[in-house]
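For the sequence shown, numbering that gives the first Met the number 0 assigns the number 0 to the initial residue and increments by one for each residue that follows. Glycine residues also receive a C-beta, built at the ideal position from the N, C-alpha and C atoms. Predicted model only: the values in this text are computed from it and were never measured.
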Amino acid sequence: MPLTGHCLCKAVTYTADVDAPLLTGYDHCDDCQRQSGSTYSLVVVVPKEKLSTNGPIKKWKGTADSGNAVYRWFCSECGSPIAHEPEAAPIIALKGGSLDTEIKKTLKPDTEIWTASKLPFCQEHLAKPFEHMPQ
Numbered sequence: 000m001p002l003t004g005h006c007l008c009k010a011v012t013y014t015a016d017v018d019a020p021l022l023t024g025y026d027h028c029d030d031c032q033r034q035s036g037s038t039y040s041l042v043v044v045v046p047k048e049k050l051s052t053n054g055p056i057k058k059w060k061g062t063a064d065s066g067n068a069v070y071r072w073f074c075s076e077c078g079s080p081i082a083h084e085p086e087a088a089p090i091i092a093l094k095g096g097s098l099d100t101e102i103k104k105t106l107k108p109d110t111e112i113w114t115a116s117k118l119p120f121c122q123e124h125l126a127k128p129f130e131h132m133p134q
């Protein structure tokens, strides 16, 4: 079943033509904390080539610790975060909260990344932890 989702105002919609995500997890990096406005970002990772989008997406270019670009996608109408896309990798991390409601209910996060940036009051392990990105 494909993964489908949209922004808050529904101006941006997307479909990831996959049977299942490559990874579903909690991303504790500082940038994801800031983009989500929370202690971490729930991410659903899919191959870039499997994602199709419609609507007014704006991309902001940031720099990862590796020095490579990371593009943060959001709706240019309502500002909802949609995804982050590491330029140097063939994947894109959809923001779990932007998935359609019935799909969100079926998610089973199994991984934590960037636990090196995990906030001290959030120290209970939510899933399989990696200090940075899994290798």
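{"Asked": "In whole angstroms, give me the CA-to-CA distance for L21 and P80.", "Found": "20 Å"}
{"Asked": "Which stretch, first to last residue, makes up the beta strand (DSSP E) that contains D26?", "Found": "22 to 26"}
{"Asked": "Considering only C-alpha positions, which residue in the set L106, Q122, I91, D99 is nearest to E48?", "Found": "I91"}
{"Asked": "Taking E101 as part of the alpha helix (DSSP H), name the residues at either end of that continuous run.", "Found": "100 to 103"}
{"Asked": "Grab me the residues of G4's own chain with a C-beta within less than 6 Å of its C-beta, minus the 5 sequence neighbours each way, in chain order.", "Found": "Y13, S97, L98, D99"}
{"Asked": "Touch check for the segment 106 to 123 and the segment 27 to 35: three-plus C-beta pairs under 8 Å?", "Found": "yes"}
{"Asked": "From the DSSP secondary-structure annotation, give me the bridge partner or partners of A138.", "Found": "No statement about residue 138 is possible, as the shown extent of the chain runs from 0 to 134 and does not include it."}
{"Asked": "Where does K107 sit, in a helix, a strand or coil, going by DSSP?", "Found": "coil"}
{"Asked": "Hey, how far is the Cα of D26 from the Cα of M132?", "Found": "9 Å"}
{"Asked": "What do you get for L118, buried or exposed, if any count of 16 or more other CB atoms within 10 angstroms of its CB means buried?", "Found": "exposed"}
{"Asked": "Ordered along the chain, which non-local residues of its own chain (more than five positions away) have a Cβ less than 8 Å from that of V69?", "Found": "D30, K60, G61, T62, A63, H83, E84, P85, E86"}
{"Asked": "Tell me the rounded alpha-carbon separation between T52 and T38.", "Found": "27 Å"}
{"Asked": "Should L125 be listed as close to the ligand HEM, given that the test is whether its C-beta is under 6 Å from any heavy atom?", "Found": "In terms of ligand content, the structure shown is empty, and the ligand HEM therefore cannot be addressed."}
{"Asked": "Starting from S40, follow the beta strand (DSSP E) in both directions and report where the run begins and ends.", "Found": "40 to 46"}
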